[in-house]
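Following: one structure in structure tokens, then a few remarks.
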Amino acid sequence: INEAYDILKDEKKRSAYDQLGHQTFKNSGGGNYQQHHGFTGGIDPNDIFENIFGDFMGARRSSKTAFSKKAGANLKYDISLTLEEAFYGVTKIISFKTALTCDACTGKGSLDNNSTSSCPTCRGSGVTRSQQGFFFFENTCQTCRGAGHVIKNPCTKCYGEGRYINTRNLEVKIPAGVKEGS
1 INEAYDILKD
11 EKKRSAYDQL
21 GHQTFKNSGG
31 GNYQQHHGFT
41 GGIDPNDIFE
51 NIFGDFMGAR
61 RSSKTAFSKK
71 AGANLKYDIS
81 LTLEEAFYGV
91 TKIISFKTAL
101 TCDACTGKGS
111 LDNNSTSSCP
121 TCRGSGVTRS
131 QQGFFFFENT
141 CQTCRGAGHV
151 IKNPCTKCYG
161 EGRYINTRNL
171 EVKIPAGVKE
181 GS
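Numbered according to UniProt numbering, the sequence shown terminates at residue 182, and the numbering increases by one at each position without gaps.
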């Protein structure tokens, strides 16, 4: 609730949320085990916030799906340096997780050409509707995760995602005379 309030009270954060959704405010950079291996099985509290408050803040409904490309997150690392390294400069190697297009299925999620069919749960709409009393709720379909279709024969490398998580190493050159916190 505190995070939601922080977003609502800050005009810049609210604007970023309206345009990019709750993924903008996540701290992790490379996805998680559940995203990589398929269906989440749980409910993301950020999705609840988005469903309830999205229209109140002027957010337009978008066709976000599990298969759409998502903007990458900025990386921020704290690197400890010795006095000598800070004075003369140094090259450090950092590791981070990133999503790569699956080379086995070329990002399609399946090795078959005609492996998708309309989702039986949402009948291709990508959303499910339910009623509780006088209220109607519309949620992203858990079977197809909003795509409107399901993959019959998922790729064995990416599990039908079209992408997989990989660890990358990056060489970072830290210049001589770098100041603390920069």
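Every residue, glycine too, gets a C-beta built ideally from N, C-alpha and C.
Expressed to the nearest angstrom, what Euclidean distance is found between the alpha-carbon atoms of residue i and residue j?
| i | j | result |
| --- | --- | --- |
| N2 | A16 | 17 Å |
| P175 | T140 | 47 Å |
| Y5 | Q142 | 28 Å |
| D103 | R168 | 16 Å |
| C155 | F135 | 39 Å |
| L81 | N166 | 27 Å |
| H130 | K179 | This sequence places Ser at residue 130; His is not what is there. The straight-line gap from Cα to Cα measures roughly 56 Å. |
| T101 | N153 | 18 Å |
Between the Cα of residue i and those of the options, spot the shortest distance and give me the residue it belongs to.
| i | options | result |
| --- | --- | --- |
| L170 | D6, D10 and T91 | T91 |
| N74 | L111, S130, K97 and N166 | K97 |
| G107 | V178, G133, Y164 and I7 | Y164 |
| I94 | R14, K173 and Y159 | K173 |
| C144 | R123, F87 and K13 | R123 |
| G126 | S115, G133, E138 and Y159 | E138 |
| K157 | S110, A86, F135 and K9 | S110 |
| G177 | G89, T101, N113 and T128 | G89 |
| K112 | D78, G162 and E11 | In the sequence on display, residue 112 carries Asp and not Lys. Minimum Cα distance to D112 is reached at G162. |
Going by DSSP, name the residue or residues bridged to residue i.
| i | result |
| --- | --- |
| K173 | T91 |
| Q132 | F135 |
Taking three-plus beta-carbon pairs below 8 Å as touching, is the stretch 145-160 in contact with the stretch 119-130?
yes
Counting only runs of 4+ residues fully inside the stretch 65-107, write out the alpha helix (DSSP H) ranges in chain order.
83-88
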